[in-house]
Each structure stands twice: as structure tokens, then as C-alpha cells.
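In the numbering used here, the protein residues as written are 59 to 475. Just so you know, even glycine gets a beta-carbon here, dropped at the ideal spot from N, CA and C. Nothing here was measured: the structure is a model prediction, and the numbers come from that model.
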RNA sequence: GUGUCCAUAGUUCAGUCGGUUAGAACGCCAGGUUGUGGCCCUGGAGGUCGUGGGUUCGAGUCCCACUGGACACCCCA
């Protein structure tokens, strides 16, 4: 085979696109009820936008970005996530000047050059939302509820919400030092990965998957116990709101997100129905990011969720079929004259909003019936010399096999309903 | 980037110890029924055995490299 899709990319084929559309509809519906407007940003940006927002030292920026030079020698990057672009657009178009709180959501492809795995592709799709302009924990909780709402509306129950607070500029530095001091004591025994993280991003040592690391850090201090009063209060209110909305969650003091820009609330929704890559969604507050990108100091919070992973959970259940387009009527024709009549009639009915199919391969009646059956057409009419002469035919119900007479020129009224 | 396993019709897979012309099921096409689908019966089309090298009288089968895939690590959605 000469051409193949690029490693880590996938075609979404006709038979599976119905599930995607169902999920997309659900997302649009949920976002509408929370009053979020859709925003569509370009799939690529200046490289430095991502380096600045996500963080130079993160895995995403240091080794996973699709970065290339265009013909003007500018360094561009296929977006690895959505928040940076949304904030760029927010600042560029001064959306904050038009209203104090901006609530937007997005759906689209993201790109990261990683080794493909279950639930991980190089081009994958995320939906997510951002609320820019308010420091209120209500919006932190709104993010969690929106993601959860999408899942429950799709009948997914196997998800769990974990939350943590990663502090802010006031409390994190002191905690970091404390943590590093503790980690130094067991440094020699830590896994190589964790050793490397002690200085680069010590918080991430705590959520290492390595069992030995977990044991060694069992008694390590957690940031949620070392928050400043502002962050403590914020975290408490977020939890109170989750309780008040009857949302089930666990506080996970070791939860750390991989992007540098988070402050205060961080959360993750995972599914037990997935394999090793079990995070369905993740998000958190980023009160310093807008300023970091050149805007006015503006608090914000957001989340991102993986579409493929969501689809994987859905696929494990018996998904109601019939998500594909199916013609309502198949017009089978027997000779040249009736084939032309069928084609013209089909076009006429289609313009009235009725979905109709005809055979364009010159196939036998039997083959046309087989095709109508395969397409799950609800009705079939057969047109030949006799029918054109008499002006009437039989309308066959493909489910029951029953036929009933119908006038050719009243076909459209039969399907008006 | 690292590791393990894998790669044979459109799909899911057989293929013995290295030995003649690489098979099955499903799907597709046609016929059985001169104008009626599904079920059944019959027939047909469809393969560079991932690619390239090597060993051998002989390779789908053994060896090496590459490419791709699955899973895990790292990390993330």
C-alpha cells in the first residue's frame, strides 16, 4: 500500500462517525445550558505561545510538540492543548473589555508527538472550557460539573473526580522548599525519574506510579496542608460547593497536573473502564496565566477532556446503533427510462427534505433490493414500464415486508411527517 | 525516547519439520427466482504472505534491519 495515515493518527470512518456526532451534540447541549459560547481558534500558533504558557520544562514543551519552520522561517507549533490559544484570542481581541467574565468552550484536534498507546494518539481531540475573569471557586466547580454532566448525559458512570489545591505564588514556594528538604532525605532510594524531578518539579514526585517512590514519600508533607489562608479558604469553598451540589469527589493531596500554569484548584476525572491512560478530563485554575501571556492580571479556570477516551468508554457499552444516516426511501428502477425517472424523482423528493437513494450502478432488481436492505431503507418502491404507464406502484415497508399501493405523484405526501 | 509482543484476502484468523498451485469463515459480486431484500443453496472475484536484505537446492515459515500496529513505562486528555 503506497499511502498510509501517519503514525499515531486515525481515520474516523463512516460507520463510527455517528458516535462522534452524538458526543459532539451532547457537548454543545451541556455547554449551552451552562451558557458557554463556542470559540474556534487556529490549529497552530507561534511556538513561543505554548512555551510561555505550558512551561519550558514540561514534557509537552520539551519533547512532545510538533514544531516546524514555515517559509518565512517563523517557528510554528501545532497546538498541543487548547487553553493557550483561547487565552491568546482573549487578549488579542480584548474580550475582557466587552464583559468582565468570558465563558467559552472548544472542540477540536490537538497534536503531541508521543509514542501511541491505548487512549493516546498523536492527533487526538479534546473539548474543553475556559472561564476568564473571576477568581470565584464557583467557576472551579462549574468546570467539574460541566465535564461530569457530559459524561452522565452519555450514560457514563464509571468516572471518579479527584481534586487538590496546588497553592499559589504566596504559599507554593515555601512548601516546595519544605518538600525538597524531605525528598533529599530519601533521594538515593528514589527512582531515576523521581530523582530528576526533585529539583525540576518536586510536586510530581508525589504522584509517581512507582510503588517504592510511593512508600518513600508516604509521610511527605502535602501542599493542601501548607496553603496560605487565601488558598485554604478557596479550597474549602470549592469543596463546600461540591457537597452542596451532591457531587461525589475525593481529595487527592498528591494530584499534580502536568502543566506549569495551574494555581489553587486542580482536578482530574478518571475512568475505571480505561487502561493505563485513564484520565478522561483534567483542569484547574490559572490565575497568573493571562498576565504571563501579556494581558492584564486576570484570573481564570478551565478544563480539557479527551474525546477518544470518552469514545472508548462509550464503546465498551452497548451503544445504541442507528447513529448512521439511513435513507427513508429507496427507488428501485428496472430499465433505462425508469432509471432516469427514479433519479429525477429522487432529486425532487430530496429537495423537499426526504432522504432518498437510487441505484447508479445499473444493477439488477435483486441487487437493488439487497442494497436497500443493507442501507436500512425504510421503504422501497419499484419502478418499471407498468408503473410509469399506470402512474402507481407499491410502497414496500422493508421492516414488515408489507406492500400497499401508492400514486407516483403523491409519493412526497406519504413521507411528509 | 525505552521495553515486550505482533504483521498472511476487505475483516477475523488457519497454514504441521523449511518442501508441489497459500486456505477457512464472514463480507463483496453473480446465479438459483425473465419484476422484490433478509434465510438457504451454488458459483465467482479478491493475496507483492508489511518492506528490504540474508541463510538455503528451496522461505509465509529461520536470521537481521527498517516501517507500521498493540500494550506498558515516561507523561498526559
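Exposure of residue i, with buried meaning 16 or more beta-carbon neighbours within 10 Å
i	result
residue 137	buried
residue 126	exposed
residue 418	exposed
residue 357	buried
residue 325	buried
residue 73	exposed
residue 302	exposed
residue 231	exposed
residue 87	exposed
Separation of residue j from residue i, as counted between CA atoms
i	j	result
residue 64	residue 180	9 Å
residue 128	residue 100	15 Å
residue 82	residue 170	22 Å
residue 165	residue 223	27 Å
residue 69	residue 429	25 Å
residue 447	residue 384	30 Å
residue 294	residue 300	10 Å
residue 149	residue 373	39 Å
residue 458	residue 331	39 Å
residue 476	residue 225	Absent from the structure is residue 476, since the part of the chain shown begins at 59 and ends at 475.
residue 452	residue 409	23 Å
residue 337	residue 272	20 Å
residue 455	residue 201	48 Å
residue 343	residue 131	35 Å
residue 469	residue 77	32 Å
residue 467	residue 407	11 Å
residue 461	residue 394	24 Å
residue 219	residue 135	32 Å
For residue i, three-class secondary structure by DSSP
i	result
residue 309	strand
residue 65	coil
residue 148	helix
residue 431	helix
residue 174	coil
residue 364	strand
residue 228	coil
Nearest candidate by alpha-carbon position, reference residue i, set the options
i	options	result
residue 334	175, 225, 115	175
residue 368	215, 122, 111, 313	215
residue 436	450, 413, 422	413
residue 151	354, 329, 285	354
residue 110	257, 352, 314	352
residue 481	233, 159, 400, 363	The requested residue 481 is not part of the displayed model; the chain covers only 59 to 475.
residue 207	157, 197, 228, 89	89
Quiz item: Which ranges does the alpha helix (DSSP H) cover as unbroken runs of at least 4 residues, wholly within the stretch 266-337, from first to last along the chain?
Solution: 269-274, 287-302
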